[in-house]
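Report on one structure; see the data block that follows.
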Amino acid sequence: MSDPALPSVLFVCVHNAGRSQMAAAFLTHLAGDRVQVRSAGSAPADRVNPAVVAAMAEVGIDVAAETPKVLTVEAVQASDVVITMGCGDSCPVFPGKRYLDWQLADPAGQGVEAVRPIRNEIEERVRGLIDDIVSADGA
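Under my numbering, think of the first position of the sequence shown as 95, with each following residue one higher.
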């Protein structure tokens, strides 16, 4: 399943129920099979935030079936780029990895109206990330 020739990205936030799920879904949707995508959290929730599911459905991306996953050392080791989502989570640090922190508002407990601008900012950042990592690899 893993192709070492493809760039890989891991999105991390505490509950893996909002920001990291949106980022992973956008990257999968926009980059397709040109990038390997993972998301995880240090304290995963039971389900993806319903307002996040609704906000993503508005842009044609279904995350309803996604399940929050626990952050593992293996996931970090298997990723080229590790992006924390402004949530204060820390990840194991390994040489040769690129670490970014995207400071984003937390959608937890918010309605879909509050989630939309967060979703839009994540989409914009993911588009920039694709330009950066896919172009850099010549894919």
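Note that beta-carbon positions come from the ideal geometry of N, C-alpha and C, so glycine has one too.
Is the beta carbon of residue j closer than 7 Å to that of residue i?
i, j, result
"Phe105", "Ala119", "no"
"His147", "Val131", "The sequence given here places Val at residue 147; His does not occur at that position. Against a cut-off of 7 Å, the Cβ pair of Val131 and Val147 comes out as no contact."
"Val167", "Val176", "no"
"Glu152", "Gln115", "no"
"Leu165", "Ser136", "yes"
"Ala149", "Arg219", "no"
"Pro162", "Pro189", "no"
"Ile212", "Leu124", "no"
Less than 8 Å between the CB atoms is what I'm expecting for residue i and residue j, so what's the real figure, rounded?
i, j, result
"Pro101", "Ile216", "Contact flag wrong, Cβ pair sits at about 18 Å."
"Gly222", "Leu198", "Gly222 to Leu198, Cβ: 14 Å. No contact."
"Leu121", "Val129", "6 Å"
"Ala145", "Gly205", "6 Å"
"Pro201", "Arg113", "7 Å"
Classify residue i as helix, strand or coil using the three-state DSSP reduction.
i, result
"Ile216", "helix"
"Phe120", "helix"
"Val206", "helix"
"Val187", "coil"
"Val228", "helix"
Counting along the chain, where does the beta strand (DSSP E) carrying residue i start and finish?
i, result
"Val108", "Neither: Val108 is in no beta strand (DSSP E) and is coded neither H nor E."
"Ile177", "Val175 to Thr178"
"Leu194", "Arg192 to Asp195"
Just to confirm the assignment, what range does the alpha helix (DSSP H) spanning residue i have?
i, result
"Val170", "Val167 to Gln171"
message: Please give me, in chain order, every unbroken run of the beta strand (DSSP E) with length at least 3 that falls completely inside the segment 123 to 152.
response: 130 to 134
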